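Chains as they are written, first to last, in this note's numbering: chain A, 1 to 275; chain B, 1 to 155. Glycine residues also receive a C-beta, built at the ideal position from the N, C-alpha and C atoms. Every value quoted in this text rests on a predicted model; they were computed, and no experiment measured them. Structure, as structure tokens:
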């Protein structure tokens with residue numbers, strides 16, 4: 001009997017070994033195959049789509065806001081009309097991804113775009129140099145608003161900020177959020193006036209949140225001197241958003257307004273009052 | 001002694017069969033059942049979405065904005081080039097028109113169907129998946145583009 005039971009040892013080891021091999025194979029099979037076969041990528045599509053498209057609608061809404069503002073001068077009604085565009089986009093999105101049980105919301109959370117700073121505006125009148133210190137207060141979009149503007153200074157800006165929250169209930173994705181800023185700004189850095197030839201040259205830096213700062217052309221710019229629109233001769237681009245514009249004036253410039261409409265349709269107005 | 005020796009040989013054979021048998025079972029378990037059957041649905045959907053991402057601005061927005069006489073055909077030829085020949089497609093472009101604060105109307109923009117699915121083919125469709133892409137054009141119009149990719153059963 002003792003010899004018989006000793007002989008069964010290899011069979012017991014073999015059965016154990018077989019069990020281990022089959023068990024390992026089953027584990028490998030389940031871990032490598034099953035999770036992939038049930039994985040859904042719908043929520044990734046939603047997020048990619050939101051990320052690519054929301055910035056576009058925010059830019060268009062800001063363009064709408066600035067256009068309305070320059071026509072009516074009423075910031076409240078301009079904000080209301082621009083908000084309608086955001087709401088249409090939100091409804092379109094909810095409709096498009098209705099099968100994913102989407103919950104999307106856009107919030108006007110407000111943001112400080114720029115802290116207060118000062119810089120020197122150089123004015124050259126017939127060869128004499130004058131330096132004007134420009135103090136810019138901090139620029140923010142108030143909580144509860146999507147848009148704001150500051151158009152009364154040599155440094156001027158049009159801006160929009162929105163935060164977006166997203167739940168894709170079908171795939172169990174909750175609480176995705178992101179925020180987006182859109183702005184266009186002009187910084188008038190130097191003005192040269194030649195009263196003999198009645199020529200004014202305005203140097204300015206144009207800045208945006210994307211790479212569209214280099215895309216200004218003659219159609220994007222208009223100049224108003226002493227409340228009278230004037231045509232200009234040339235626009236020169238120096239790179240990195242630095243431009244100069246040369247124009248002939250009829251009455252000696254006291255109040256200068258430079259209006260830029262960028263390639264996205266966002267308007268920004270810069271004003272300089274010469275002492 | 002002879003009988004004990006025979007038992008040992010039988011035990012060894014049983015052991016070998018058990019180990020080899022379990023290895024054969026393990027190897028068979030490791031075979032992934034035709035990966036395209038498992039993944040093709042998601043693959044079609046991902047392909048449709050990736051194509052929409054890539055063509056929404058340079059092709060679809062451009063064609064809708066310019067409104068050439070045959071702009072639907074231009075989109076058709078672009079898709080016909082981009083999508084593998086064994087996959088059929090059907091694209092529909094809707095414009096989302098606001099009616100009320102919470103109600104929108106969907107208007108089909110393409111005047112003719114943009115598809116290469118043969119007539120009376122629907123009975124042979126093995127698999128079809130759609131992807132949706134919401135696109136805002138430069139003039140602020142919001143479009144919903146639906147691209148359906150179809151893998152057929154041949155013939």
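### Query
Excluding five sequence neighbours on each side, which residues of the same chain lie with their C-beta closer than 6 Å to the C-beta of residue 111 of chain A?
141, 161
### Message
Quick check on residue 96 of chain A: buried or exposed, where buried means 16 or more other Cβ atoms within 10 Å of its Cβ?
### Response
buried
### Message
Counting only Cβ pairs nearer than 7 Å, list the residues of chain B close to residue 26 of chain A.
### Response
29
### Query
Under a three-way DSSP split, which group does residue 54 of chain B fall into?
helix
### Query
Which residues, taken in chain order from the segment 104–131 of chain A, show a beta carbon closer than 8 Å to some beta carbon of chain B?
none
### Query
If we count the other Cβ atoms within 10 Å of its Cβ and call it buried at 16 or more, is residue 35 of chain B buried or exposed?
Here residue 35 of chain B scores only 49 on pLDDT, less than 50, and its place in the model should not be relied on; the value that follows carries that caveat. The residue in question, residue 35 of chain B, is exposed, as its Cβ has fewer than 16 Cβ neighbours within 10 Å.
### Task
Answer yes or no: does any C-beta atom of chain B fall closer than 7 Å to that of residue 56 of chain A?
yes
### Query
Shortest alpha-carbon distance to residue 62 of chain A belongs to which of A/263, A/213, A/183?
A/183
### Query
Beta-carbon of residue 144 of chain B versus every beta-carbon of chain A: anything under 7 Å?
yes
### Within chain A, the residues that residue 15 of chain B reaches when beta carbons sit closer than 7 Å
10, 11, 14
### Query
Should residue 115 of chain B be flagged as near chain A, meaning a C-beta pair shorter than 7 Å?
no
### Message
Contact between the segment 137–153 of chain B and the segment 85–92 of chain B is defined here as three or more beta-carbon pairs at a separation below 8 Å; is this criterion met?
### Response
yes
### Message
Check whether the segment 243–259 of chain A and the segment 96–110 of chain A touch, using three or more Cβ-Cβ pairs below 8 Å as the test.
### Response
no
### Query
Is the CB of residue 109 of chain B under 7 Å away from at least one CB in chain A?
no
### Query
Helix, strand or coil: how does DSSP classify residue 250 of chain A here?
coil
### Message
Pairs of beta-carbons, one from the segment 62–76 of chain A and one from the segment 45–53 of chain A, closer than 8 Å: are there three or more?
### Response
no
### Task
Evaluate residue 126 of chain A with the Cβ neighbour count: other Cβ atoms within 10 Å of its Cβ, from every protein chain shown; 16 or more gives buried, anything less gives exposed.
exposed
### Selection of the segment 57–68 of chain B by Cβ proximity to chain A, strictly under 8 Å
none
### Query
Between which two residues does the beta strand (DSSP E) carrying residue 107 of chain B extend?
104–108
### Query
Can you name, in chain order, every residue of its own chain whose Cβ lies under 7 Å from the Cβ of residue 155 of chain B, other than the five neighbours on each side?
Its pLDDT being 48, under 50, residue 155 of chain B is placed unreliably in this model, and the value from its coordinates should be taken loosely. For residue 155 of chain B, where only same-chain residues beyond five positions count, the Cβ hits under 7 Å are 124.
### Message
Report the start-end ranges of each beta strand (DSSP E) in the segment 69–137 of chain B that is 3 residues or longer and not cut off at the edges.
### Response
87–98, 104–108, 125–136
### Query
Does residue 261 of chain A have its Cβ less than 7 Å from a Cβ in chain B?
no
### Message
Can you pull the chain A neighbours of residue 49 of chain B, defined as C-beta to C-beta under 7 Å?
### Response
45
### Message
Strictly by DSSP, which residues pair up with residue 162 of chain A?
### Response
A/180
### Task
Report the option in B/19, B/10, B/144, B/41 whose CA atom is closest to the CA atom of residue 13 of chain A.
B/19
### Message
Assuming contact is defined by CB atoms lying nearer than 7 Å, are residue 260 of chain A and residue 207 of chain A in contact in what I supplied?
### Response
no
### Message
Looking at residue 214 of chain B: is its Cβ nearer than 7 Å to the Cβ of residue 109 of chain B?
### Response
The question about residue 214 of chain B has no answer here: the residues shown for chain B are numbered 1 through 155.
### Query
In the structure shown, what three-state DSSP assignment does residue 137 of chain A receive?
coil
### Message
Using 8 Å for Cβ pairs, my map puts residue 137 of chain B next to residue 92 of chain A. What's the rounded Cβ distance?
### Response
No, residue 137 of chain B and residue 92 of chain A are not in contact; Cβ-Cβ is about 12 Å, not under 8 Å.
### Query
Which residues in chain B sit within 7 Å of residue 83 of chain A, going by Cβ to Cβ distance?
The premise fails here: residue 83 of chain A is roughly 11 Å from chain B at the closest Cβ pair, so nothing lies under 7 Å.
### Message
Along the chain, where does the beta strand (DSSP E) containing residue 121 of chain A start, and where does it finish?
### Response
117–125
### Query
Considering only residues of the same chain and omitting the five flanking positions on each side of residue 114 of chain B, which have a CB-CB separation below 6 Å?
72, 75, 76, 91
### Task
With 7 Å as the threshold, decide whether the Cβ of residue 98 of chain B is near any Cβ in chain A.
yes
### Task
Could you pull the start and end residues of the alpha helix (DSSP H) that residue 96 of chain A belongs to?
75–96
### Query
So, is the C-beta of residue 176 of chain A closer than 7 Å to a C-beta in chain B?
no
### Query
Which residues does DSSP pair with residue 132 of chain A in a beta bridge?
A/121
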